[in-house]
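J.: In the numbering used here, each number is its position in the sequence shown, counted from 1, plus 2.
Quick one: this structure, given as structure tokens, is what I'll be asking you about.
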Amino acid sequence: MTTIHNGEVRTRVWRHGKLEAEDFPFADVSEHLKDPDSLVWVDLLDPKPERLLDLAEELGFDAFAVEDALARSERTKATRYPTHTFLTVYATHLLTTPDPALETYESRLATTRVSAFMIPGCLVTVRRGGPFDMQDVVNRWDANPDLVKYGTAALLHGLLDVIVDGQFDTIRDLDDAIEDIEDGLFADEAHTKTIQRGVYRLRKELVQLRRVVLPMREIVNAVMHFRAEHGISAELDSWYTDLYDHVLRAAEWTESLRDMVTTIFETNLSLQDARLNTVMKKLTGWAAIIAVPTAVTGWYGMNVPYPGVGERTGLVTVAIVIALSATVLYLLFKRRDWL
């Protein structure tokens with residue numbers, strides 16, 4: 003079997019629920035699988051096609067499943083084959099590091115595709131880049147050592163549980179971002195362009211997140227449906243039921259955030275119209291006030307004799323008429339909240 007360098011592969015083996023060895027040579031996987039009491043886990047990070055094909059040939063993986071694991075992009079799904087079950091899920095992470103490129107309309111959502119081959123006594127995971135760290139999954143397994151004795155289904159539960167928890171964290175971060183936009187929406191000095199950019203980016207991120215969160219219901223359903231084929235004992239039923247409940251909550255939360263973003267977008271447009279109406283109302287009021295002195299001076303500027311022409315009384319009269327008329331209009335518009 004082809005040798006894989008450290009860092010590209012991670013291995014573990016349990017016997018009777020107890021960890022026996024880890025990070026052993028990749029070539030020893032076949033030897034461990036010969037023991038019916040062993041439980042083997044193999045993790046491949048961005049493997050070369052020939053390396054995954056060698057492992058697939060030895061363990062009897064379907065060619066189409068291997069092709070999906072190596073594909074550049076693949077939808078979230080679970081497929082049952084005669085010898086194994088193949089599933090593809092996505093771990094999510096919201097980038098928070100300040101980056102000038104992300105201050106525009108670019109999505110901050112980062113995803114890591116995790117494919118898993120599930121056979122009796124062995125779980126093979128294949129990761130394709132991204133910030134997802136399998137150490138979180140290993141820590142979850144170590145925190146529940148009593149579950150490992152139930153076989154591959156227990157390992158798969160730990161993997162899916164960590165991925166769903168990561169999706170929850172992403173949804174929570176997006177929820178906080180929506181609240182920040184809501185706080186600025188009704189601020190006295192609201193920056194319309196910033197709000198529009200933030201709402202558009204959130205809508206884009208939620209659409210991407212929805213594509214990977216909603217199908218998780220089918221994934222967990224499929225695993226629970228295949229429990230007989232993979233020996234999922236009754237002790238794991240409650241764990242998978244709890245996982246399915248988390249998946250439903252994540253899906254419902256994502257849908258509610260999508261509705262909230264839509265509401266914020268529509269509210270922002272309504273507020274812009276209201277602010278525009280207020281501005282136009284104020285401009286109209288001041289235009290009416292300014293029109294009074296214009297009209298008076300225009301009348302007295304005609305080349306015809308009028309009372310007070312050429313005299314100081316004419317100037318005083320014009321000033322009094324302008325001041326009185328402008329004051330009356332100002333008080334009238336102020337009472338009606340036009341200014």
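Glycine included, C-beta positions come from ideal geometry on N, C-alpha and C.
Considering only residues of the segment 159 to 218, which uninterrupted alpha helix (DSSP H) runs meet the minimum length of 4 residues and lie entirely inside it, listed in chain order?
T.: Correct list: 194 to 215.
J.: Taking buried to mean at least 16 other C-beta atoms within 10 Å of its own C-beta, is Ala155 buried or exposed?
T.: Stepping through the sequence shown from its first residue, residue 155 is reached at position 153. So Ala155 ends up on the buried side.
J.: Residue range of the beta strand (DSSP E) that Glu22 falls in?
T.: The sequence position of residue 22 within the sequence shown is 20, counting from 1. Run containing Glu22: 20 to 24, per the beta strand (DSSP E) assignment.
J.: Run the CB neighbour count on Phe66, radius 10 Å, all protein chains shown included, and call it buried at 16 or more, exposed below.
T.: If you number the sequence shown from 1, residue 66 lands on position 64. Answer is exposed; the Cβ neighbour count stays below 16.
J.: Relative to the C-alpha of Asp39, which residue among Phe26, Ala29, Pro27, Gly19 is closest?
T.: Here residue 39 refers to the residue found at position 37 of the sequence shown. Answer by Cα proximity: Gly19.
J.: When the Cα atoms are used, what is the spatial distance from Phe170 to Met282?
T.: In the sequence shown, counting from the first residue as 1, residue 170 sits at position 168. In the sequence shown, counting from the first residue as 1, residue 282 sits at position 280. If you take the alpha carbons of Phe170 and Met282, they lie about 45 Å apart.
J.: Three or more beta-carbon pairs under 8 Å between the segment 149 to 163 and the segment 232 to 251, yes or no?
T.: With the cut-off at 8 Å, the segment 149 to 163 and the segment 232 to 251 touch.
J.: Could you name the residues of the same chain whose beta carbon sits closer than 6 Å to that of Leu104, not counting the 5 residues immediately before and after it, in chain order?
T.: Looking up residue 104 in the sequence shown gives position 102. Because the pLDDT at Leu104 is just 44, under 50, the model does not fix this residue reliably, and the value given afterwards should be weighed accordingly. So the qualifying residues of the chain are Arg110.
J.: Under the assumption that Tyr92 contacts Thr81 (Cβ atoms under 8 Å), give the Cβ distance between them as a whole number of angstroms.
T.: Residue mapping note: residue 92 aligns to position 90 of the sequence shown, counting from 1. Residue mapping note: residue 81 aligns to position 79 of the sequence shown, counting from 1. Actually they do not touch by this definition, with Cβ atoms about 16 Å apart.
J.: With a threshold of 16 other CB atoms inside 10 Å of the CB of Leu333, please say whether the residue is buried or exposed.
T.: Mapped onto the sequence shown, residue 333 falls at position 331. So Leu333 ends up on the exposed side.
J.: Is the beta carbon of Val249 less than 7 Å from the beta carbon of Arg219?
T.: What you label residue 249 is simply residue 247 of the sequence shown in a count that begins at 1. What you label residue 219 is simply residue 217 of the sequence shown in a count that begins at 1. Yes, Cβ-Cβ distance for Val249 and Arg219 is below 7 Å.
J.: Does the Cβ of Gln130 have 16 or more other Cβ atoms within 10 Å, making it buried, or fewer, making it exposed?
T.: As a position in the sequence shown, residue 130 is number 128, starting the count at 1. The question names Gln, but residue 130 in the sequence shown is Arg. Label assigned to Arg130: buried.
J.: Three or more beta-carbon pairs under 8 Å between the segment 195 to 207 and the segment 173 to 184, yes or no?
T.: Contact holds: three or more Cβ-Cβ distances are below 8 Å.
J.: Is DSSP giving Ser40 helix, strand or coil here?
T.: Position 38 of the sequence shown holds residue 40. Ser40: strand per DSSP, three-state reduction.
J.: Could you tell me which residues DSSP puts in a beta bridge with His95?
T.: Within the sequence shown, residue 95 is the residue found at index 93, counting from 1. For His95, which the question treats as bridged, DSSP gives the partners Ala112.
J.: Name the two residues that bound the continuous beta strand (DSSP E) containing Ala80.
T.: Start at 1 with the first residue of the sequence shown, and residue 80 comes out as number 78. Its beta strand (DSSP E) spans residues 79 to 82.
J.: Sorted by chain position, which residues of the same chain lie with C-beta nearer than 7 Å to Pro27's C-beta, five sequence neighbours on each side aside?
T.: Along the sequence shown, one-based indexing puts residue 27 at 25. Excluding residues within five positions, none has a Cβ falling inside 7 Å.
J.: Grab me the residues of Ala290's own chain with a C-beta within less than 8 Å of its C-beta, minus the 5 sequence neighbours each way, in chain order.
T.: Counting from 1 along the sequence shown, the entry for residue 290 is found at position 288. Counting only Cβ-Cβ distances below 8 Å, and skipping sequence neighbours, we find Leu331, Phe335.
J.: If we call anything under 7 Å between Cβ atoms a contact, is Val298 one with Val263?
T.: Locating residue 298 in the sequence shown gives position 296, counting from the first residue. Locating residue 263 in the sequence shown gives position 261, counting from the first residue. Not closer than 7 Å, so no.
J.: Would Arg142 and Gly160 be called neighbours here (beta carbons separated by less than 7 Å)?
T.: To locate residue 142, count along the sequence shown from 1; it is residue 140. To locate residue 160, count along the sequence shown from 1; it is residue 158. Yes.
J.: Do you know how far the Cα of Leu97 is from the Cα of Val44?
T.: Counting from 1 along the sequence shown, the entry for residue 44 is found at position 42. Counting from 1 along the sequence shown, the entry for residue 97 is found at position 95. Each residue's alpha carbon lies about 28 Å from the other.
J.: State the CB to CB distance for the pair Thr90 and Ile121, rounded to an integer number of angstroms; the pair is presumed to be in contact (CB under 8 Å).
T.: Within the sequence shown, the letter at position 88 stands for residue 90. Within the sequence shown, the letter at position 119 stands for residue 121. 16 Å between Cβ atoms; not a contact.
J.: Rounded to the nearest angstrom, what separates Thr286 and Pro295 at their Cα positions?
T.: To locate residue 286, count along the sequence shown from 1; it is residue 284. To locate residue 295, count along the sequence shown from 1; it is residue 293. Those two C-alpha atoms are separated by around 15 Å.
J.: Could you tell me if Arg14 is buried or exposed, where buried requires 16 or more neighbouring beta carbons within 10 angstroms of its beta carbon?
T.: Position 12 of the sequence shown, counting from 1, holds the residue named residue 14. The residue is buried, with at least 16 neighbouring Cβ atoms inside 10 Å.
J.: How would you call Ala321, buried or exposed, if buried means at least 16 neighbouring beta carbons within 10 angstroms?
T.: Start at 1 with the first residue of the sequence shown, and residue 321 comes out as number 319. With fewer than 16 Cβ atoms within 10 Å of its Cβ, Ala321 is classed as exposed.
J.: Whole angstroms are fine: how far does the CA of Ala293 sit from the CA of Gly300?
T.: Here residue 300 corresponds to residue number 298 of the sequence shown, with the count starting at 1. Here residue 293 corresponds to residue number 291 of the sequence shown, with the count starting at 1. Spanning the two alpha carbons is a distance of roughly 10 Å.
J.: Hey, how far is the Cα of Val126 from the Cα of Glu52?
T.: Within the sequence shown, numbered from 1, the residue matching residue 126 stands at position 124. Within the sequence shown, numbered from 1, the residue matching residue 52 stands at position 50. So the alpha carbons of these two residues sit roughly 16 Å apart.
J.: Hey, how far is the Cα of Leu162 from the Cα of Lys284?
T.: In the sequence shown, counting from the first residue as 1, residue 162 sits at position 160. In the sequence shown, counting from the first residue as 1, residue 284 sits at position 282. Roughly 59 Å between the two C-alpha positions.
J.: Which two residues bound the contiguous beta strand (DSSP E) that contains Arg14?
T.: The count along the sequence shown starts at 1 and reaches residue 14 at position 12. Element bounds for Arg14: 11 to 17.
J.: Is it buried or exposed, Arg314, if we count other Cβ atoms within 10 angstroms and call 16 or more buried?
T.: Translated into the one-based positions of the sequence shown, residue 314 becomes position 312. Per the 10 Å Cβ criterion, exposed.
J.: Tell me which same chain residues have a C-beta within less than 7 Å of the C-beta of Leu35, skipping the five on either side of it?
T.: Here residue 35 refers to the residue found at position 33 of the sequence shown. Cβ neighbours of Leu35 beyond the five flanking positions: Val42, Gly123, Cys124.
J.: For Ile173 versus Thr256, is the C-beta distance shorter than 7 Å?
T.: In the sequence shown, residue 173 corresponds to position 171, counting from 1. In the sequence shown, residue 256 corresponds to position 254, counting from 1. Contact: yes.
J.: I'd like the span of the beta strand (DSSP E) that includes Leu238, first residue to last.
T.: For this step, residue 238 is matched to residue 236 along the sequence shown. It is not in any beta strand (DSSP E) - Leu238 carries neither H nor E in the DSSP assignment.
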